[in-house]
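Notes for the one structure printed next.
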Amino acid sequence: MVLSQIIAGAAETLTTLLLGSALTGLSYGFLFGVMPTLVSVWFGTKHFGSNWGMTTVFIGFSGQALGAFFGYVYDANMPDQDPSKCARGACYRDAFVLSMGVALLGLLAAVVLARRRGDRRRENRRLWEAQEIEHIEYVPFILAE
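Heads up: the sequence shown at position 130 corresponds to 127 in the numbering used here, and the numbers run straight through without jumps.
Next comes the structure, spelled out in structure tokens:
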């Protein structure tokens, strides 16, 4: 998603904008195709509906907010709605910068959570080996109860 926003924000030709749009679509396809599986693995299946529901609500809120910001930036830069005054996408570039920032925050959150999960697994393995326990059932973190 970050790469698609960088490409779309820097687009000066229709072909580059098409590439950025295609990568955005691919990113959303990945998001809604793979994220349910990741949510169920990360948080477990007992409260999957609640956890996936909250995930999609936040995706929806950010999509609506960014869409409204895109419209605001475009309208602010084109008060007379003359597309010839929008040279090489300059009238909506700020919106792509914000969108890229949101995507970078998401990427940062994913890296931090993955690192914390890895640290927790290593610590659990160390504790299990130190206690010589043959089997301990893994209990996933439950987001909603």
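Virtual Cβ for every residue (Gly too), placed ideally from N, Cα, C.
Using a Cβ-Cβ cutoff of less than 8 angstroms, which residues in the same chain neighbour T52 once the five nearest sequence positions on both sides are dropped?
The answer, listed in chain order, is M32, V36.
Note down, in chain order, each residue of its chain lying with its Cβ closer than 8 angstroms to the Cβ of R113, except the 5 sequence neighbours on either side.
Within the same chain, R113 has no close Cβ partners at all.
Since S96 contacts L63 with CB under 8 angstroms, what's their CB separation in whole angstroms?
Going by Cβ atoms, the distance from S96 to L63 rounds to 5 angstroms, so yes, they are a contact pair.
Would you say the stretch 83 to 91 touches the stretch 61 to 75, given that touching needs at least three Cβ pairs under 8 angstroms?
The answer is yes - the stretch 61 to 75 touches the stretch 83 to 91, with three or more Cβ pairs under 8 angstroms.
Below 8 angstroms on the Cβ atoms is my contact criterion, and I expect A5 with S24 to pass it. Report the Cβ-Cβ distance as a whole number of Å.
No, A5 and S24 are not in contact; Cβ-Cβ is about 11 angstroms, not under 8 angstroms.
Between A8 and L14, which are expected to be in contact by the criterion C-beta below 8 angstroms, what is the C-beta distance as a whole number of angstroms?
With a Cβ gap of about 4 angstroms, A8 and L14 count as contacting.
Does F55 pass the burial test, meaning 16 or more other C-beta atoms within 10 Å, or should it be called exposed?
Exposed.
How would you label Q61, buried or exposed, when you count the other beta carbons within 10 angstroms and need 16 or more for buried?
Exposed, by the Cβ-count rule.
Could you work out which residue in V108, I3, L11 is closest to T21 when comparing CA atoms only?
Comparing Cα positions, the closest option is I3.
For G98, which of S59, S81, C83, M75 has the nearest alpha-carbon?
G98 has its Cα closest to that of S59, out of S59, S81, C83, M75.
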